[in-house]
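Everything on this sheet refers to the single structure shown next.
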Amino acid sequence: MKLLVLLALLVPLSAHASQRFYNPEYRGYRLDACLVFEGNCGAPAALAFCQRKGFQGVNGFNIARNVGTTMTIGDGKMCARSWPPCDGFEFIECF
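Structural data, given as structure tokens:
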């Protein structure tokens, strides 16, 4: 038992504290790449997603182009148009 506790203390928290979310969704729709409709795209939207999931920050993300209908996490607006297309995330990795 003492050995298990010692091993648990030696493993850095970051080894277990990150999670990658593929094709992340918000309120049942693909998460838009922008925090608010057509604004604050990329890192701000990824960070808001991670924080809503209970994480502290973002390790990385990749934007997926033209994914269909999306919803912004900052203002809950939907993007459902063909041009310009709606972008979402391929993945977001939170820590």
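Residue numbers (this note's numbering): 5 to 99.
We treat Cβ as the ideally placed atom computed from N, Cα and C, and that holds for glycine.
Just so you know, these numbers come straight off a predicted model, no measurement behind them.
- Looking at W87, G80, T76, the one whose alpha-carbon comes closest to that of A37 is T76.
- Less than 8 Å separates the beta-carbon of A50 from that of F65.
- The continuous beta strand (DSSP E) containing R24 extends over residues 23-26.
- Take G61, set aside five residues on each side of it, and the residues of its chain with a beta-carbon closer than 6 Å to its own are F99, in chain order.
- Nearest C-alpha to N70 among G78, R34, A21, Q23: R34.
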